[in-house]
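Protein chains in written order, with our numbering: chain H, 244 to 387; chain Z, 52 to 439.
Structure, as structure tokens:
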Amino acid sequence: MKRVLGENWALPSLDARNRDFFTAGVLTLQQCTRCSHVQHPPEDVCEACGSFDLGRFVSAGNGRIESVAVVTQAVHLLLADRVPYAIILVSVADAPGILVAGNVVGKDPEAVAIGDHVRVVFEEARDPRTGAVLKIPQWQVVVA
Amino acid sequence: MHGSGAVAGIGESTYYKRGESPHTEFQLACIAIRRAVEDAGLQLADVDGFVSYTDQRNTPSRLARALGLKELRWTGIPWAGGGNSMAAAVQIADAAVTAGYARHVVVFRALAQGQFGRFGQAAGSGGGGAYMAGPLAWNGTYGILTPAHQCALHTARFMHDHGISQEALCEIALACYANAQRNPRALRRGQPLTRAAYHASRWIVKPFHLYDCCPENDGAAAAVVTTIERARDLRQRPATIAAAASGIGPQFGAFDVATLGSAHYGQVGKHLWEQAGCGPQDVDVAQFYENFTGPVLMALCEMGFTSPEGLEEFVSGGRLVGPDAAFPFNTSGGNIGEAYIHGFEMINESVRQIRGDSTCQVKHVERALVVAGPGYAPGSAVLFGAPA
Chain H
244 MKRVLGENWA LPSLDARNRD FFTAGVLTLQ QCTRCSHVQH PPEDVCEACG
294 SFDLGRFVSA GNGRIESVAV VTQAVHLLLA DRVPYAIILV SVADAPGILV
344 AGNVVGKDPE AVAIGDHVRV VFEEARDPRT GAVLKIPQWQ VVVA
Chain Z
52 MHGSGAVAGI GESTYYKRGE SPHTEFQLAC IAIRRAVEDA GLQLADVDGF
102 VSYTDQRNTP SRLARALGLK ELRWTGIPWA GGGNSMAAAV QIADAAVTAG
152 YARHVVVFRA LAQGQFGRFG QAAGSGGGGA YMAGPLAWNG TYGILTPAHQ
202 CALHTARFMH DHGISQEALC EIALACYANA QRNPRALRRG QPLTRAAYHA
252 SRWIVKPFHL YDCCPENDGA AAAVVTTIER ARDLRQRPAT IAAAASGIGP
302 QFGAFDVATL GSAHYGQVGK HLWEQAGCGP QDVDVAQFYE NFTGPVLMAL
352 CEMGFTSPEG LEEFVSGGRL VGPDAAFPFN TSGGNIGEAY IHGFEMINES
402 VRQIRGDSTC QVKHVERALV VAGPGYAPGS AVLFGAPA
């Protein structure tokens with residue numbers, strides 16, 4: 244899938260904390276291997292039990308839009324022809340308490356609403372610096 | 052328990068539109084500090100501490116050399132994202148003079164965005180080929196790049212949950228512009244804003260119109276904090292630091308499910324009123340930091356001035372405008388109308404209200420409140436009082 248904000252828009256710089264999220268191709272969050280707490284963004288410590296032993300939680304990828312704002316003035320040259328675009332915060336059905344940021348795929352940004360149910364999709368990109376293939380989570384509104 | 056400090060002197064540079072300052076940022080800082088010290092009736096050699104906030108570039112040692120201090124005993128800067136720690140800076144100075152760590156602490160803010168670029172500018176705005184590294188990756192990858200975007204997401208949820216209309220945001224902007232018309236320091240003086248012009252202005256990020264966003268400015272402002280006892284012997288009527296609070300919790304992130312649609316001011320209000328031994332109903336005049344109008348609405352509720360259900364009425368019908376307002380609010384024009392000095396102009400305006408020489412002077416001011424930048428956490432607030 245093409246990128247919502249354009250093929251030239253800035254890519255996340257992959258690191259140990261975000262590599263799973265941005266490359267796995269399934270919605271992958273961080274989970275404590277001791278107490279099973281799921282947290283996002285990933286941290287060096289479990290925020291529930293203090294453990295340093297942190298692993299992965301693979302979500303089914305269903306969520307709900309908890310807030311939406313529509314960016315109408317581009318603040319970067321690379322986004323000049325991408326406005327308006329919707330920025331959203333999504334709660335993840337099988338990881339209560341977590342908010343994931345994203346954009347909405349395939350819908351008029353003005354029509355996106357709080358309470359919309361969404362499903363994760365992935366936009367693909369190759370990092371020209373490293374050759375790494377990214378699968379960046381995005382969200383598609385699910386019609387009830 | 053709170054400190055026993057007071058503001059003994061205030062000063063500011065001329066305020067400029069972004070890039071129009073004839074002075075460097077450091078020169079602006081020196082101007083504001085010299086004026087605040089002179090206003091207090093002190094000498095620069097009496098100053099022995101500096102406090103600022105959030106990435107202040109003008110360091111204490113450089114200022115101490117340039118201004119001819121004899122010694123520097125106290126420096127501090129609260130951790131935070133932006134203007135949210137403006138009142139916390141006053142709190143740190145209050146703690147220092149109360150504990151006796153220093154005698155005369157200057158709290159200040161200086162910024163020359165023409166010289167250094169915009170505070171809060173978009174991540175990666177240097178040009179093409181940018182990467183979103185570290186914490187930026189989680190939001191920047193999705194074009195969530197500026198404080199406006201972050202505050203818009205909170206505001207949109209707040210409006211959704213409580214049925215708040217665009218008019219409520221408009222009222223904040225209208226009040227700031229209206230009050231600025233009385234203030235010779237205000238950059239928006241001579242440019243009154245109408246409701247029609249507000250609604251006709253372009254969107255920046257819905258739900259924020261252009262006029263929901265404060266401008267970018269160059270300037271500096273400073274205040275001298277010392278003990279109430281020492282301040283009584285100085286030139287000006289002191290503004291006592293009746294209470295000061297900063298904080299956040301138990302959610303700490305910019306975006307948490309439990310605090311989405313919040314300005315994160317619940318804890319600040321609780322601690323402030325406990326210390327002060329009074330409540331919102333006892334405040335005579337208030338300055339609320341408006342980098343954007345939306346978070347002010349949330350902070351008004353979280354600080355206890357109104358409820359989401361009563362908010363539209365609380366802000367409408369001119370109830371925020373002028374010295375005789377039902378709720379005297381942002382009487383200098385604030386960030387939107389006077390100048391965006393990261394809210395420090397609100398500290399000086401509150402001191403003026405206590406002294407009785409504001410250009411939008413409220414009658415019989417006993418308590419003047421400043422609520423620092425809502426929307427980013429941890430927040431802070433300071434309540435100034437008239438001396439006993």
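Where is the CB? At the ideal position from N, CA and C, for every residue including glycine.
Just so you know, these numbers come straight off a predicted model, no measurement behind them.
Q.
Taking a contact to mean a Cβ-Cβ separation below 9 angstroms, would you say leucine 377 (chain H) touches leucine 257 (chain H) in this structure?
A. The residue given as residue 377 (chain H) occupies position 134 in the first sequence. The residue given as residue 257 (chain H) occupies position 14 in the first sequence. Yes, they are a contact pair.
Quick check on the DSSP output: the beta strand (DSSP E) that includes proline 309 (chain H) runs from which residue to which? For the purposes of this step, residue 309 (chain H) is identified with residue 66 of the first sequence, where counting begins at 1. In the sequence as presented, proline is not what sits at residue 309 (chain H); that position holds glutamate. Looking at the DSSP string, the run of the beta strand (DSSP E) that includes glutamate 309 (chain H) is 305-314.
key: Proximal residues to alanine 291 (chain H) (C-beta, below 8 angstroms), its chain only, five neighbours per side dropped   = Sequence index remark: in the first sequence, residue 291 (chain H) carries index 48 (1-based). Only Cys275, Cys278, His280 and Gln282 meet the Cβ criterion.
Leucine 162 (chain Z) and glycine 270 (chain Z): beta carbons closer than 9 angstroms? Walking along the second sequence from the start, residue 162 (chain Z) turns up at place 111. Walking along the second sequence from the start, residue 270 (chain Z) turns up at place 219. Yes, they are a contact pair.
Query - glycine 312 (chain Z) at chain H interface by Cβ criterion, 9 angstroms - result: As a position in the second sequence, residue 312 (chain Z) is number 261, starting the count at 1. Yes, because at least one Cβ of chain H sits closer than 9 angstroms to the Cβ of glycine 312 (chain Z).
Put glutamine 232 (chain Z) into one of helix, strand or coil per three-state DSSP. Position 181 of the second sequence holds residue 232 (chain Z). Coil, per DSSP.
Requested in this report: Just the C-alpha distance for asparagine 44 (chain Z) and glutamine 287 (chain Z), rounded to the nearest angstrom, thanks.
Outcome: Nothing can be reported for residue 44 (chain Z): it is not among the residues displayed for chain Z, which extend from 52 to 439.
Exposure of proline 346 (chain Z), with buried meaning 16 or more beta-carbon neighbours within 10 Å: Reading the second sequence from its first residue, position 295 is the one you call residue 346 (chain Z). So proline 346 (chain Z) ends up on the buried side.
Consider the Cβ of arginine 69 (chain Z): report whether some Cβ of chain H lies at a distance smaller than 9 angstroms. Your numbering for residue 69 (chain Z) matches position 18 in the second sequence. Not an interface residue.
Checklist entry - Does any residue of chain H bring its CB to less than 9 angstroms from the CB of threonine 278 (chain Z)? => result Walking along the second sequence from the start, residue 278 (chain Z) turns up at place 227. So, not an interface residue.
Report yes or no: do the segment 365-383 of chain Z and the segment 140-151 of chain Z share at least 3 C-beta pairs separated by less than 8 angstroms? no
Just checking alanine 419 (chain Z) against the ligand NAD - is the residue's beta carbon closer than 8 angstroms to any of the ligand's heavy atoms? No copy of the ligand NAD occurs in the structure displayed, which carries no ligand at all.
Under 8 angstroms Cβ-Cβ, which residues of chain H neighbour tyrosine 182 (chain Z)? Mapped onto the second sequence, residue 182 (chain Z) falls at position 131. Simply Ala253, Leu254, Pro255, Ser256 and Arg372.
- prompt: In whole angstroms, what separates the C-alpha of valine 386 (chain H) from that of valine 361 (chain H)?
  reply: Position 143 of the first sequence holds residue 386 (chain H). Position 118 of the first sequence holds residue 361 (chain H). Using only the alpha carbons, I get a separation of about 9 angstroms.
| message | Given this structure, state the Cα-to-Cα distance separating phenylalanine 265 (chain H) from alanine 329 (chain H), to the nearest angstrom. | response | Your numbering for residue 265 (chain H) matches position 22 in the first sequence. Your numbering for residue 329 (chain H) matches position 86 in the first sequence. Their backbone Cα atoms lie some 20 angstroms apart in a straight line.
Exercise for review: On the DSSP bridge assignment, give the partners of tryptophan 382 (chain H) in chain order.
Suggested key: Reading the first sequence from its first residue, position 139 is the one you call residue 382 (chain H). Its beta-bridge partners are H:Val347 and H:Val363.
message: With H, G and I counted as helix, E and B as strand and the rest as coil, what does DSSP make of asparagine 268 (chain Z)?
response: Mapped onto the second sequence, residue 268 (chain Z) falls at position 217. Looking at asparagine 268 (chain Z) - three-state DSSP - the assignment turns out to be strand.
So for alanine 340 (chain Z), helix, strand or coil by DSSP? Taking the second sequence and counting its residues from 1, the one referred to as residue 340 (chain Z) is at position 289. The sequence as given places tyrosine at residue 340 (chain Z); alanine does not occur at that position. Coil at tyrosine 340 (chain Z), not helix or strand.
If the cut-off is 8 angstroms on Cβ atoms, which residues from the segment 293-311 of chain H count as contacting chain Z, listed in chain order? Glu309, Ser310 and Val311
Please determine, among H:Gly374, H:Arg372 and H:Ala368, the residue with the shortest C-alpha to C-alpha distance to valine 247 (chain H). Here residue 247 (chain H) is taken as the residue at index 4 of the first sequence, counted from 1. Considering only alpha carbons, the answer is H:Ala368.
Q: Specify whether the segment 314-324 of chain Z and the segment 288-301 of chain Z touch according to this definition: at least 3 beta carbon pairs, one from each stretch, less than 8 angstroms apart.
A: yes
Checklist entry - If we count the other Cβ atoms within 10 Å of its Cβ and call it buried at 16 or more, is proline 186 (chain Z) buried or exposed? => result The count along the second sequence starts at 1 and reaches residue 186 (chain Z) at position 135. Result: exposed.
Can you name the residues of chain H whose CB is closer than 8 angstroms to the CB of alanine 207 (chain Z)?
The sequence position of residue 207 (chain Z) within the second sequence is 156, counting from 1. Under the 8 angstroms cutoff, chain H gives Ser310, Val311, Ala312 and Ile357.
Can at least three beta-carbon pairs, one atom from the segment 330-337 of chain H and one from the segment 297-307 of chain H, be found at a separation below 8 angstroms?
-> yes
inquiry  = For the alpha helix (DSSP H) containing leucine 79 (chain Z), name the first residue and the last one.
reply    = Taking the second sequence and counting its residues from 1, the one referred to as residue 79 (chain Z) is at position 28. Looking at the DSSP string, the run of the alpha helix (DSSP H) that includes leucine 79 (chain Z) is 76-91.
**Prompt:** CA-CA distance, phenylalanine 101 (chain Z) and asparagine 386 (chain Z)?
**Reply:** Stepping through the second sequence from its first residue, residue 101 (chain Z) is reached at position 50. Stepping through the second sequence from its first residue, residue 386 (chain Z) is reached at position 335. Going by the C-alpha atoms only, they are around 23 angstroms apart.
- Item | Whole-angstrom C-beta distance between alanine 237 (chain Z) and phenylalanine 435 (chain Z), which should lie under 8 angstroms | Against the second sequence, residue 435 (chain Z) aligns to sequence position 384. Against the second sequence, residue 237 (chain Z) aligns to sequence position 186. With 8 angstroms as the limit, phenylalanine 435 (chain Z) and alanine 237 (chain Z) do not qualify as a contact, their Cβ atoms being about 21 angstroms apart.
Quiz item: Between the C-alpha atoms of serine 358 (chain Z) and alanine 273 (chain Z), what's the straight-line distance to the nearest angstrom?
Solution: Locating residue 358 (chain Z) in the second sequence gives position 307, where the first residue counts as 1. Locating residue 273 (chain Z) in the second sequence gives position 222, where the first residue counts as 1. Roughly 34 angstroms separates the two Cα atoms.
Chain-ordered neighbours of threonine 315 (chain H) on chain Z, where CB pairs are closer than 8 angstroms
One-based indexing of the first sequence puts residue 315 (chain H) at position 72. Result: Arg253, Trp254, Ile255, Val256 and Lys257.
- Message: Per DSSP, what are the beta-bridge partners of tryptophan 125 (chain Z) in this structure?
- Response: Mapped onto the second sequence, residue 125 (chain Z) falls at position 74. According to DSSP, which records beta bridges pairwise, tryptophan 125 (chain Z) is partnered with Z:Gly100.
Can you list the alpha helix (DSSP H) stretches of 4 or more residues lying completely in the segment 240-299 of chain Z, in chain order? 246-251 and 279-283
**Asked** How big is the Cα-Cα spacing for arginine 260 (chain H) and proline 285 (chain H)?
**Response** Within the first sequence, the letter at position 17 stands for residue 260 (chain H). Within the first sequence, the letter at position 42 stands for residue 285 (chain H). Near 6 angstroms, if we compare the C-alpha coordinates of proline 285 (chain H) and arginine 260 (chain H).
Compare the Cα-Cα distances from valine 402 (chain Z) to each of Z:Gly54, Z:Ser55 and Z:Ala59 and report the closest residue. In the second sequence, the residue the question calls residue 402 (chain Z) occupies position 351. It is Z:Ala59.
Subject >> Straight-line gap, alanine 80 (chain Z) to isoleucine 61 (chain Z) (C-alpha atoms, nearest Å) >> reply: Here residue 80 (chain Z) corresponds to residue number 29 of the second sequence, with the count starting at 1. Here residue 61 (chain Z) corresponds to residue number 10 of the second sequence, with the count starting at 1. Alanine 80 (chain Z) and isoleucine 61 (chain Z): Cα-Cα distance of roughly 13 angstroms.
Exercise for review: Return the first residue and the last residue of the alpha helix (DSSP H) that leucine 95 (chain Z) is part of.
Suggested key: Along the second sequence, one-based indexing puts residue 95 (chain Z) at 44. Per DSSP, leucine 95 (chain Z) belongs to no alpha helix (DSSP H) and is neither H nor E.
Mapping the DSSP letters down to three states, classify glycine 178 (chain Z) as helix, strand or coil.
Counting from one through the second sequence, the residue named residue 178 (chain Z) turns up at place 127. Legend: pLDDT at glycine 178 (chain Z) = 46, less than 50; position of this residue unreliable, value from coordinates given subsequently. The answer is coil: DSSP assigns glycine 178 (chain Z) none of H, G, I, E or B.
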